[in-house]
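Encoded as structure tokens, the structure appears first; notes follow it.
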Amino acid sequence: MMDRLTPAAQRVMVAALDAAEELGHGHIGDEHVLLGLLGDDAGWAQRFLHAHGLNPDAVRTDLLRLTEDGRIPTSHGDDAANLRAVGIDVDQVARRLTAAFGPDAVGEAVWRASHRSWWRGGGRRRTPLCGKPFFAKRAVALAAEYADARGRHDVDPEHLLYGVLQDAADPFGTGLGRRGRKQLAQLGWSIGASNPAAAILTARGLDPDQLRAQLSAHPAP
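Following the working numbering, the residues of the sequence shown are numbered contiguously, the last one being 231.
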């Protein structure tokens with residue numbers, strides 16, 4: 011799916027990662043993609059959100075409030091932060107490994123290290139090189155489906171916005187099956203009762219379903 015993102019959509023996702031870093035969040039969720047969509051690179055999607063009263067400062071303030079209220083997914087442990095505390099920069103280590111062995115080799119090694127075989131107890135565990143969990147994966151998948159329905163292969167920022175709105179319209183976790191919830195628990199994550207992106211929208215009197223209907227009725231020119 012990620013290889014279908016246009017350059018503008020890729021920049022939105024980079025902005026989402028930067029937002030998660032700035033806010034001190036250990037994951038990348040719909041809420042961070044929403045903030046990324048409010049950047050200049052999002053073009054028509056940004057203007058659509060601005061027209062409905064959303065701006066980056068307001069959404070960032072809302073995310074800080076949700077964080078203080080404990081309504082953002084949280085991890086029970088952060089190995090990368092623990093390593094940074096003793097002077098080990100995990101990002102720098104990852105860059106050096108990638109330069110020496112290539113991204114495919116590093117990715118395969120990280121996958122093997124983070125997936126336990128059934129005779130070792132089964133399940134998954136995170137390593138510092140796994141990076142932030144990508145909780146917005148379902149939104150990106152929904153964006154790709156929306157692009158397909160529009161007869162488009164490339165996924166633009168407006169498609170990402172549609173995916174975020176569709177994902178936010180359901181209670182947080184609806185897209186997770188029993189296996190997905192078990193894996194989150196194994197990885198040490200606790201999630202709240204609602205999607206943070208939905209909480210931001212509803213707090214400002216916006217209905218994700220209604221926004222999605224408007225977006226679908228008036229797609230980007």
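For each residue, glycine too, the CB sits at the ideal point set by N, CA and C.
Quick caveat, the model's predicted, so the values are computed rather than measured.
Selection P206, A109, H35, R21 evaluated against T84 yields H35 as nearest (Cα-Cα). Assignment of beta-bridge partners to I38 by DSSP yields F144. For the region 12-74, the continuous alpha helix (DSSP H) assignments of 4+ residues that do not extend past its boundaries occur at 17-33, 40-46, 54-61, in sequence order. According to DSSP, V165 shares a beta bridge with L15. For D79, the secondary structure class from DSSP, reduced to helix, strand or coil, is coil. Assignment of G173 by DSSP, reduced to helix, strand and coil, places it in the helix class. In the structure shown, P231 falls within a coil segment according to DSSP collapsed to helix, strand and coil. Going by beta carbons, D51 and V22 fall inside the 8 Å limit.
Counting only the Cα atoms, Y172 lies some 13 Å from K147. When rounded, the separation of the alpha-carbon atoms in A55 and T108 is 34 Å. For L211, the enclosing alpha helix (DSSP H) stretches over residues 206-213. Short of 7 Å from the beta carbon of L59, and not among the five residues preceding or following it, lie these beta carbons of its own chain, in chain order: L47, L48.
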